[in-house]
Amino acid sequence: MRTTLAILLLTALLAVTGCQKKTPAERLTEAQQLLQERQTALAVIKMQQLVEDAPDDPASLDARLLLGQYFLQQTRDPAKARPLFEEVLKREGIASERGGGAFMGNLASTVALSGVDEGMKMIDAAQADSATPAEIADQIEMTRAEMLFVSREEARIPAALAALEKVMLGAADPALRGQAREQLAQFHRVNRDYTASNAVYERFLEKHPDDPTKPQLILAQAINLRTAGDEAAAQPVFDRGIAMLEQQIADELDKAERGRLQLAKAQYYDLFGNLDVAEKLMLAVMAENQGSLLAIQTQFAVGDMWRRHGHFDRALEVYERIKTDNPGTNVEAAAQGEIERTGQMREARTQAEAAAAEASANPPAAPAEGGAAPANPETEGVQPDGAPGEP
Numbered sequence: 006m007r008t009t010l011a012i013l014l015l016t017a018l019l020a021v022t023g024c025q026k027k028t029p030a031e032r033l034t035e036a037q038q039l040l041q042e043r044q045t046a047l048a049v050i051k052m053q054q055l056v057e058d059a060p061d062d063p064a065s066l067d068a069r070l071l072l073g074q075y076f077l078q079q080t081r082d083p084a085k086a087r088p089l090f091e092e093v094l095k096r097e098g099i100a101s102e103r104g105g106g107a108f109m110g111n112l113a114s115t116v117a118l119s120g121v122d123e124g125m126k127m128i129d130a131a132q133a134d135s136a137t138p139a140e141i142a143d144q145i146e147m148t149r150a151e152m153l154f155v156s157r158e159e160a161r162i163p164a165a166l167a168a169l170e171k172v173m174l175g176a177a178d179p180a181l182r183g184q185a186r187e188q189l190a191q192f193h194r195v196n197r198d199y200t201a202s203n204a205v206y207e208r209f210l211e212k213h214p215d216d217p218t219k220p221q222l223i224l225a226q227a228i229n230l231r232t233a234g235d236e237a238a239a240q241p242v243f244d245r246g247i248a249m250l251e252q253q254i255a256d257e258l259d260k261a262e263r264g265r266l267q268l269a270k271a272q273y274y275d276l277f278g279n280l281d282v283a284e285k286l287m288l289a290v291m292a293e294n295q296g297s298l299l300a301i302q303t304q305f306a307v308g309d310m311w312r313r314h315g316h317f318d319r320a321l322e323v324y325e326r327i328k329t330d331n332p333g334t335n336v337e338a339a340a341q342g343e344i345e346r347t348g349q350m351r352e353a354r355t356q357a358e359a360a361a362a363e364a365s366a367n368p369p370a371a372p373a374e375g376g377a378a379p380a381n382p383e384t385e386g387v388q389p390d391g392a393p394g395e396p
């Protein structure tokens, strides 16, 4: 009995000693592995212990960031998240990658607790601070635009658009410039102002004439013109964009990138309404990249194209083929999901068509001459435009 107890105590002591021998960096890696394994509660405990045991170690700063993100995004507790971000920001400053991340987390926590106006004050102060690097200032300006849009206040929209314009034209990071450009163009598209959407692309290309996405931006302008109903103006713009994209494809030496550009070309034909050409080009991409992830992505794109245009049977054929060709894989599971979704969409359309046919075959009886139509309690007293009727 005593021997057994001694062994148990020795085992526990070794376990504790082994744990204490781990460096803060190793302990952080262990917690991150637990997060990947979805053992979130245990990961949080280990990170909190790490912060308590080694508060000045760089690994503890990273642990604070992860904990802040957990409280902000998972438990929706910005009051717990903000002190963690503030501590990292105080120790690191805004200039480092870690400090920049802490600022963004602190900003999100502040907005959640105190509102958009407090967030705007933080952004203004950070941008006025000479210690803020230009690339972080650009990211902060992008965040300003997103916060103003999320506020859903009409009066803030002009300021949001101005912030996007500033990032689009002046940011050093090409990816951030492109993100701002597309949000700005999409805003006008959603509001059916295709002229304004095209003007966004024109301003961007005037400022950045050598941007590698230039062919795609010209094609986006062509699609806007076609959507607006100006077929005559759209076609030459589309042809110009396709010619530029084909030159890019011819000049590209990397096979994978060339395939990606070829798929993009096919998808622009799809968006422009030429489905047969789009399918032909996609099939060529699949043939040239057999066995690759790009080939599978392109095959899904074929199915998506037919489904988006209401050709559900053709879409189902494509998804069934993908499922058959990839048994026992995540690809098979994804194809099955698309099959179910497409089947639901087809059924919904069938039901809508049946309801419309029934309504057409059995129109409501017209009121007798000089008589009043039967009262409808849901619409009585309401004018066709939804305004209250006269008594």
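According to the numbering used here, the sequence shown holds residues 6 to 396 in order.
Glycine is no exception: its CB is placed at the ideal position from the N, C-alpha and C atoms.
Values in this document were obtained by computation on a predicted structure and should not be read as measured data.
State the start and end residues of the unbroken alpha helix (DSSP H) segment that holds residue i.
i      : result
Leu266 : 260 to 276
Lys85  : 83 to 97
Thr218 : Looking at the DSSP string, Thr218 is not in any alpha helix (DSSP H), and its letter there is neither H nor E.
Arg197 : Element bounds for Arg197: n/a, residue is neither H nor E.
Phe305 : 298 to 313
Tyr324 : 317 to 330
Phe243 : 236 to 256
Leu77  : Per DSSP, Leu77 belongs to no alpha helix (DSSP H) and is neither H nor E.
Lys285 : 280 to 293
Rounded to whole angstroms, what is the Cα-Cα separation between residue i and residue j?
i      : j      : result
Arg81  : Leu258 : 48 Å
Lys285 : Leu250 : 17 Å
Val323 : Glu345 : 13 Å
Ala64  : Arg265 : 39 Å
Leu33  : Gln78  : 20 Å
Met127 : Leu112 : 7 Å
Ile162 : Ile145 : 17 Å
Ala306 : Gln54  : 47 Å
Asp58  : Leu181 : 38 Å
Phe277 : Asn367 : 39 Å
Ala357 : Arg312 : 17 Å
Ala380 : Pro369 : In this prediction, Ala380 has a pLDDT of 45, which is less than 50 and means its spatial position is unreliable; what the coordinates show is noted afterwards. So the alpha carbons of these two residues sit roughly 13 Å apart.
Arg326 : Asn335 : 15 Å
Asp215 : Met125 : 34 Å
Ile89  : Ala160 : In the sequence as displayed, the identity of residue 89 is Leu instead of Ile. About 33 Å.
Glu402 : Ala364 : Only positions 6 to 396 of the chain appear in this structure, which leaves residue 402 out of reach.
Ala136 : Arg157 : 32 Å
Ala238 : Arg231 : 8 Å
Asp129 : Asp178 : 21 Å
Gly296 : Asn196 : 42 Å
Leu224 : Gln191 : 15 Å
Thr148 : Glu236 : 37 Å
Arg319 : Asp281 : 13 Å
Ala108 : Glu31  : The sequence shown places Phe at residue 108, rather than the Ala named in the question. When rounded, the distance between both Cα atoms is 26 Å.
Glu123 : Pro217 : 38 Å
Ile99  : Ala165 : 23 Å
Asn331 : Leu321 : 15 Å
Gln74  : Gly308 : 37 Å
Phe317 : Arg43  : 37 Å
Thr45  : Ala68  : 13 Å
Gly120 : Ser114 : 9 Å
Cutting at 7 Å between CB atoms, please list the residues of its own chain near residue i, excluding the five before and the five after it.
i      : result
Ala48  : Ala36, Leu39, Leu40
Pro341 : In the sequence as presented, Pro is not what sits at residue 341; that position holds Gln. The residues are Lys328.
Gln226 : Asn203, Tyr206, Val242
Pro220 : Gly246, Met249, Leu250, Gln253
Ala117 : Pro83
Pro29  : Leu55, Ala59, Asp62, Ala64, Ser65
Ala139 : Ala177
Glu91  : Asn111
Phe154 : Ala165
Contact defined as beta carbons within less than 8 Å: I believe residue i pairs with residue j. What is the distance between those atoms, to the nearest angstrom?
i      : j      : result
Arg96  : Leu66  : 6 Å
Met173 : Phe209 : 6 Å
Arg176 : Asp143 : Just to set this straight, residue 176 is Ala in the shown sequence, not Arg. Confirmed, about 4 Å.
Ala261 : Met287 : With 8 Å as the limit, Ala261 and Met287 do not qualify as a contact, their Cβ atoms being about 16 Å apart.
Ala292 : Met310 : At roughly 17 Å, the Cβ-Cβ gap does not stay under 8 Å, so Ala292 and Met310 are not in contact.
Leu70  : Gly110 : 7 Å
Just to confirm my understanding: we take residue i, look at its own chain, exclude 5 residues before and 5 after, and list those with CB closer than 6 Å. What are they?
i      : result
Leu268 : Val290, Thr303
Lys402 : With the chain represented from 6 up to 396, any question about residue 402 goes unanswered, as that position is not in the structure.
Asn294 : Gly264, Ala300
His193 : Ala201, Ser202
Asn229 : Tyr199, Ser202, Asn203
Leu169 : Ala150, Ala185, Gln188, Leu189
For residue i, collect the residues of the same chain with a Cβ closer than 8 Å to its Cβ; drop the 5 residues on either side in sequence, then sort them by chain order.
i      : result
Gly315 : Arg354
Val21  : Note on Val21: pLDDT 46, under 50, position unreliable in the model; the coordinate value appears next. Hits under 8 Å: none found.
When you compare the CB of residue i with every CB in chain D, is at least one pair closer than 9 Å?
i      : result
Asp281 : Of the protein chains in the structure, only one exists, and it is not chain D.
* Counting only runs of 4+ residues fully inside the region 106 to 193, write out the alpha helix (DSSP H) ranges in chain order. => Complete alpha helix (DSSP H) runs here, min 4: 121 to 133, 139 to 155, 162 to 175.
* **Any alpha helix (DSSP H) of 4 or more consecutive residues that is wholly inside the region 35 to 72** => Taking only runs of at least 4 residues, the alpha helix (DSSP H) segments lying wholly in the region 35 to 72 are 45 to 58.
* Asked: In chain order, which continuous runs of the alpha helix (DSSP H) of length 4 or greater are located wholly inside the region 332 to 371?
  -> 335 to 366
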